[in-house]
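Engineer: Below you'll find the structure I mean.
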C-alpha cells in the first residue's frame, strides 16, 4: 500500500475498472472529468446563475481554516468565521485579492452537500423530511449530480456533492475522511500530498481545543475565540505542513490535479491540499463523496488502523470540521 | 466479517455484482452454475470420454487425506497413497463401495489443474514451456474453462480448474487457500463449514511431521509411513472435526451446495468439507481457482492476520497438500 507511485488513467474508467481501483485503494489521477464544459464555471456563468442569492463564505486571516493555529501561547483547532454574501461580492473580493494585499482569506467550502445532498437522490422522502435547500442549488444545471461510473460501481448515489471556490492562499490541513472521494478541478489546480491509512502513526494526532474566528463588530478584523467549553476537544494531526516539514521515514504520494482532471482519493487516505490560481486568481473544484463499503476486509482494515490511533476518532463523522 | 449468515443469489451475478461480493469477502451460495448440462457428468459420459486413459487416484484407509491422523502414538499430516487407474476401474470401485464395506477410500482430487492450468490460458507459451497435459484434458468439452463473470470481474483467467470425484467417506480437513474459489457441485452435495480469516486463532495451527500412506506390495493394505526427514513439518490446524468438536466462541458459516449450485468461497476463509452421495454413491464437483488481488487493503488485511499466526504460513503455496 506504500510507495510514492500512483496510477494515471487517460480517460474515465468503466464501473468495473473503477471498482477494481477502489479495492486496490490507492489514489488514481484521471486525465478527464465528469464535467461537460469547464467554461460553464467562469465567473460570468456562476454570477448569472447565482444572482443575488447569499452563500456562506469561510473567512480566516491566514487561509488556514479547520487547522491547528498558535494563539496566545496556546494551540487550537481553528474554525473559520462564516459570513453570508453574494457570489458577486465573493468573486470580486477574490479577484481584487489577487492584485492587492488583501487582509482576509475567503473560501467557499460549505461542504454540507452545497450542490446536492444524499436526500436529493431519495425520491421516497417527502418535503418535510428534506433538509433546507443546498446553497448552490442554482448551479445544478452545470454540476453533474453523480459520477456515473462510481455510482454504478458502488451501487449507490453520492452522499454529498460540493463546489469549492478559493485561491492559492487557502490550504487544507491534513486529515482523513471515511468516504470515497472523487475530486475534479475545473479552474486552477490542486496539489495533494497523500499518505495511506497505514501511515496514520506519522500524523501524530492529538486532542486540540476548538476555537473559532469571530468578528467583534462589522468591519473589525477577525479574532480567534477559544471555545467556552475547554473540554470540547477534537483529535487532529499535529503534522501542520507535510510539504515544509515532512515526517521522517514516511512516503507521501504527491499529485497535482489540473483543470479538467479528476483525482480518486480512496477512503481513509490522509490528505493535505494546496491550490494554484487560474488567470483570474481563483481555484474552483467539485467533489463527490460516496459512502465507503462498511463491511468486508477493507473496512475491517481501516477500522483496525483507526483503533491503533488510540482515541479511535480517525474517521469520526461527529466532528463537523469543514475540510476537503 | 463474522456471523453465520450468508448471501444467496438466485442466479449467476454480473461481473460487477460479483466484484462487490469479492470485496465484501463473505461466502455466497449461488443457486445456478456455469455448467451447461449436469447430465454430461454421468458415469457413462465420463467413461465414454476418458476411455482407457489412466488417472491419479488418492487412496486412504479412512477418507482423511491431507489431514492430521494419529498413528503409533504420534500425530502426522497424512498424505494419501496415489495410484494410477482408469476412470472405469475407479468409478466401479466407488459404485461397489456404496454397497459393500470397502476397505479403502478413493478420491479423485489431483487438483494440479487436472482439467485446465494457467498455462492453458496463455497463448504466448510455446509447447516446450507447457507442463504435461492435464490428466482430465479429455473432459474439456464438458468442463467450462472459465467462469465468465469471475474472469471479467478479476480481469484474469483461472489459475487452475479441477474436477473432484469421491464419495461420502472422504472428508477435507479444515484449511485456507490464497485463492478466490468458485465451487460447483454437479452430482451429490458438499457440506461446507466455514470460518472467516479473522477466526484463524481458533484453528490452533501447529507444525506436524509429514507422513504418507504407502502400499508395501501390490494387494497389501495401506500403511502410514512417516517422512524420513523428521524436520519436514507443515503448519496445519489441530482442529480436526469442527462439526463434532466446534471451537468455543467461534461462529462457523455452514453451507450445503447441492448439484447445480455454486459456492463463492473467498480467499483466506477456512473450510472443512464433507460430501453426500448421489443415487450412484458418488459426489462430483468442479472448482475454479483464481489468484486473489495481491495488493490493496484486503491483501494487507489477510497478510496481517496471516502474520498473527506466528509461523506465517497460513497461505503458503509451497506446501503441495491436495485440498479442496
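Protein chains in written order, with the UniProt record's numbering: chain P, 1 to 324; chain X, 1 to 324. For each residue, glycine too, the CB sits at the ideal point set by N, CA and C.
Label residue 141/P either buried or exposed according to how many other C-beta atoms from any shown protein chain fall within 10 Å of its C-beta, with 16 as the threshold for buried.
Structural biologist: It counts as exposed.
Engineer: Please classify residue 167/X as buried or exposed, where buried requires at least 16 neighbouring CB atoms within 10 angstroms.
Structural biologist: Answer is buried; the Cβ neighbour count reaches 16.
Engineer: Helix or strand or just coil, what does DSSP make of residue 46/X?
Structural biologist: Three-state DSSP puts residue 46/X in a helix.
Engineer: Bridge partners of residue 287/X, per DSSP?
Structural biologist: Note: residue 287/X sits in a beta bridge opposite 162/X, 183/X.
Engineer: Does residue 22/X get closer than 9 Å to chain P when you measure Cβ to Cβ?
Structural biologist: Yes, contact with chain P.
Engineer: At the level of alpha carbons, what is the spacing between residue 114/X and residue 228/X?
Structural biologist: Spanning the two alpha carbons is a distance of roughly 29 Å.
Engineer: Ignore the nearest five residues each way along the sequence and tell me which others in residue 340/P's own chain have a CB closer than 7 Å to its CB.
Structural biologist: Residue 340/P lies beyond the range of chain P shown here (1 to 324); nothing can be said about it.
Engineer: Could you name the residues of chain P that residue 301/X contacts, counting a contact when the two beta carbons are closer than 7 Å?
Structural biologist: In chain order: 297, 300, 301.
Engineer: Within the continuous beta strand (DSSP E) that includes residue 225/P, where are the two ends?
Structural biologist: Its beta strand (DSSP E) spans residues 223 to 226.
Engineer: Fully enclosed by the stretch 23 to 81 of chain P, which alpha helix (DSSP H) runs are 4 residues long or longer?
Structural biologist: Counting whole runs of 4 or more residues, the stretch 23 to 81 of chain P contains the alpha helix (DSSP H) stretches 43 to 50.
Engineer: In chain order, what residues of the stretch 213 to 227 of chain X put their CB closer than 7 Å to some CB of chain P?
Structural biologist: Per Cβ criterion, the list is empty.
Engineer: Bridge partners of residue 234/P, per DSSP?
Structural biologist: 208/P.
Engineer: According to DSSP, is residue 1/P helix, strand or coil?
Structural biologist: Annotation note: pLDDT 46 at residue 1/P (below 50); position unreliable, coordinate value reported separately. Coil at residue 1/P, not helix or strand.
Engineer: On the three-state DSSP scale, how would you describe residue 190/X?
Structural biologist: Three-state result, residue 190/X: strand.
Engineer: Taking any Cβ of chain P, which residues in the stretch 146 to 162 of chain X have a Cβ under 8 Å from it, in chain order?
Structural biologist: Of all residues in the stretch 146 to 162 of chain X, 152, 153, 155 have a Cβ within less than 8 Å of some Cβ in chain P.
Engineer: Alpha carbon to alpha carbon, how far is residue 75/X from residue 208/X? Give it in angstroms, no decimals.
Structural biologist: Taking the straight line joining both Cα atoms gives about 7 Å.
Engineer: For the alpha helix (DSSP H) containing residue 154/P, list its first residue and its last residue.
Structural biologist: From DSSP, the alpha helix (DSSP H) with residue 154/P extends over 148 to 154.
Engineer: Can you tell me whether DSSP reads residue 214/X as helix, strand or coil?
Structural biologist: Three-state DSSP puts residue 214/X in a strand.
Engineer: Alpha helix (DSSP H) containing residue 256/X: first to last residue?
Structural biologist: No alpha helix (DSSP H) holds residue 256/X; the beta strand (DSSP E) holding it covers 253 to 258.
Engineer: Decide yes or no for the touch test of the stretch 43 to 56 of chain X against the stretch 54 to 68 of chain P: beta carbon pairs closer than 8 Å, at least 3 of them.
Structural biologist: In short, these stretches do not touch, since the Cβ pair count stays below three.
Engineer: If you measure from the beta carbon of residue 309/P to each beta carbon in chain X, is any gap under 9 Å?
Structural biologist: Low confidence applies here, because residue 309/P scores a pLDDT of 36, under 50, leaving its location unreliable and the question unanswered by this model.
Engineer: Following the continuous alpha helix (DSSP H) through residue 95/P, name the residue where it begins and the one where it ends.
Structural biologist: Note, residue 95/P: alpha helix (DSSP H), 87 to 99.
Engineer: Hey, would you say residue 265/X sits closer than 9 Å to residue 150/X, going by beta carbons?
Structural biologist: Against a cut-off of 9 Å, the Cβ pair of residue 150/X and residue 265/X comes out as no contact.
Engineer: Tell me which residue opens and which closes the beta strand (DSSP E) that residue 271/P is part of.
Structural biologist: Residues 270 to 276.
Engineer: Can you look up residue 248/P in the DSSP assignment and give me helix, strand or coil?
Structural biologist: The answer is coil: DSSP assigns residue 248/P none of H, G, I, E or B.
Engineer: Give a yes or no on whether the minimum CB-CB distance between residue 198/X and chain P is below 9 Å.
Structural biologist: Yes, contact with chain P.
Engineer: Sort out for me which residues DSSP pairs residue 175/P with in a bridge.
Structural biologist: The partner list for residue 175/P (beta bridge, DSSP) reads 271/P.
Engineer: Can we say the stretch 244 to 257 of chain P touches the stretch 152 to 164 of chain P, given the rule of at least three CB pairs closer than 8 Å?
Structural biologist: Segments in contact, no.
Engineer: Against chain P, does residue 16/X count as a neighbour if the rule is that its beta carbon must be under 9 Å from one of theirs?
Structural biologist: So yes, residue 16/X belongs to the interface.
Engineer: Cutting at 7 Å between CB atoms, please list the residues of its own chain near residue 134/P, excluding the five before and the five after it.
Structural biologist: 113, 114, 115, 116, 117, listed in sequence order.
Engineer: Closer than 8 Å is the cut-off here; do at least three beta carbon pairs connect the stretch 169 to 183 of chain X with the stretch 259 to 274 of chain X?
Structural biologist: Cβ pair count under 8 Å is three or more, so yes.
Engineer: Please compile the residues from chain P whose C-beta is within a distance smaller than 8 Å of the C-beta of residue 25/X.
Structural biologist: In chain order: 296, 297.
Engineer: Could you tell me if residue 210/P is buried or exposed, where buried requires 16 or more neighbouring beta carbons within 10 angstroms of its beta carbon?
Structural biologist: Residue 210/P is buried by the Cβ-count criterion.
Engineer: Could you pull the start and end residues of the beta strand (DSSP E) that residue 9/P belongs to?
Structural biologist: Counting along the chain, the beta strand (DSSP E) containing residue 9/P begins and ends at 7 to 9.
Engineer: Kindly indicate if chain X contains any beta-carbon less than 9 Å away from that of residue 19/P.
Structural biologist: So yes, residue 19/P belongs to the interface.
Engineer: DSSP state of residue 321/P, grouped into three classes?
Structural biologist: Bear in mind that the predicted position of residue 321/P carries a pLDDT of just 46, short of 50, making it unreliable; the figure below should be weighed with that in mind. In this structure, residue 321/P counts as coil in the three-state DSSP scheme.
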